[in-house]
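Trainee: Residue numbers (our numbering): 437 to 659.
Pasting in a structure now, in structure tokens, and then I'll have a few things to ask.
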């Protein structure tokens, strides 16, 4: 039986860089279901908070604790960056990579990756180099790779910042499907419209401080 990795609790978490506090102290509990949107101006700490949650930034003070323990929680989550990370592999092998790390055989991993590519709307053939994809297609590939292990938690750092309208809509549709399948999503964006379309709740950061936590209708207004 898989142990739920949530809730995750941040207790007075601080990040420091070159003697300066860039985030915190932050107290927050990630739990429940749905999509949490992080908002705030550039430099407010959105990316730092995401990276701290995923273990990509060392916490200088305070504590982050997961229900399942750190190692098990890390295996149950995924991260999608603003600029997709590419590998010198084919599309199918890029998507299959997490499965190969888990010891899945190459034929099975590629079959599952091909299915995942179709689910996010990528067109074949999938044995092409990943570098040939457009910006929107690369982000779809990154999402397929992140979702292929059905993570309990998915972190995304402004995944649509460099995309056009149709590509953004496609990514949002993928995220709604993932939410419906039970993946807990935490995502940063500057796009208020996107926040209105996706958010169940909103965290607002400013100058490294968590200034507000609210349900989306209360924070954003409208629908």
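Backbone N, C-alpha and C fix where the C-beta goes; we use that ideal spot for every residue, glycine too.
Because the structure is a prediction, the values reported are computed rather than measured.
By the DSSP assignment, the alpha helix (DSSP H) with residue 490 in it spans what residues?
Mentor: First-last of the alpha helix (DSSP H) with residue 490: 482 to 490.
Trainee: Please state whether the Cβ-Cβ distance between residue 442 and residue 500 is less than 7 Å.
Mentor: Going by C-beta atoms, residue 442 is not nearer than 7 Å to residue 500.
Trainee: Of all the options 602, 527, 476, 504, which has the alpha carbon lying nearest to the alpha carbon of residue 572?
Mentor: The shortest Cα separation from residue 572 among 602, 527, 476, 504 belongs to 602.
Trainee: Is it buried or exposed, residue 561, if we count other Cβ atoms within 10 angstroms and call 16 or more buried?
Mentor: Burial call: exposed.
Trainee: Going straight from the alpha carbon of residue 557 to that of residue 538, what length do you get?
Mentor: Each residue's Cα considered, the two are about 25 Å apart.
Trainee: Can you find a C-beta in chain D that's less than 7 Å from the C-beta of residue 632?
Mentor: Absent from the structure is chain D; it holds one protein chain and no more.
Trainee: Can you list, in chain order, the stretches of the beta strand (DSSP E) that have 3 or more residues and sit fully within the segment 615 to 652?
Mentor: Runs of the beta strand (DSSP E) inside the segment 615 to 652: 620 to 624, 637 to 642, 645 to 651.
Trainee: State the Cα-Cα distance for the pair residue 585 and residue 453, rounded to the nearest angstrom.
Mentor: In a straight line, the C-alpha of residue 585 is about 33 Å away from that of residue 453.
Trainee: If distances are taken between C-alpha atoms only, which option among 439, 444, 448, 476 comes closest to residue 594?
Mentor: When only C-alpha atoms are compared, the closest one is 476.
Trainee: What's the gap between the Cα of residue 644 and the Cα of residue 485?
Mentor: One C-alpha to the other measures close to 9 Å.
Trainee: Cutting at 8 Å between CB atoms, please list the residues of its own chain near residue 526, excluding the five before and the five after it.
Mentor: For residue 526, where only same-chain residues beyond five positions count, the Cβ hits under 8 Å are 562, 563, 564, 565, 566.
Trainee: List in chain order: all unbroken alpha helix (DSSP H) runs of 4+ residues lying wholly within the segment 498 to 545.
Mentor: Qualifying alpha helix (DSSP H) stretches, in chain order: 506 to 511, 527 to 537.
Trainee: Tell me the DSSP secondary structure of residue 654 in three-state form.
Mentor: Three-state result, residue 654: helix.
Trainee: Whole angstroms is fine: what's the gap from residue 588's alpha carbon to residue 495's?
Mentor: Straight-line Cα distance between these residues: approximately 22 Å.
Trainee: Distance, Cα to Cα, residue 630 vs residue 555?
Mentor: Roughly 21 Å between the two C-alpha positions.
Trainee: Counting C-beta neighbours from all protein chains within 10 Å, is the total for residue 460 16 or more, i.e. buried, or is it exposed?
Mentor: The residue is buried, with at least 16 neighbouring Cβ atoms inside 10 Å.
Trainee: CB-CB under 6 Å to residue 444, same chain, minus the five flanking residues each way: which ones, in chain order?
Mentor: 466, 502, listed in sequence order.
Trainee: Using beta-carbon positions only, say whether residue 513 and residue 597 come within less than 7 Å of one another.
Mentor: Taking 7 Å as the Cβ cut-off, residue 513 and residue 597 do not qualify as a contacting pair.
Trainee: Drop a sphere of 10 angstroms on the beta-carbon of residue 456, count the other beta-carbons inside from all chains shown, and report buried for 16 or more, exposed for fewer.
Mentor: Counting Cβ neighbours within 10 Å, residue 456 comes out exposed, since fewer than 16 surround it.
Trainee: Pull up the distance between the alpha-carbon of residue 547 and that of residue 570, whole angstroms please.
Mentor: Distance between the alpha carbons of residue 547 and residue 570 is about 23 Å.
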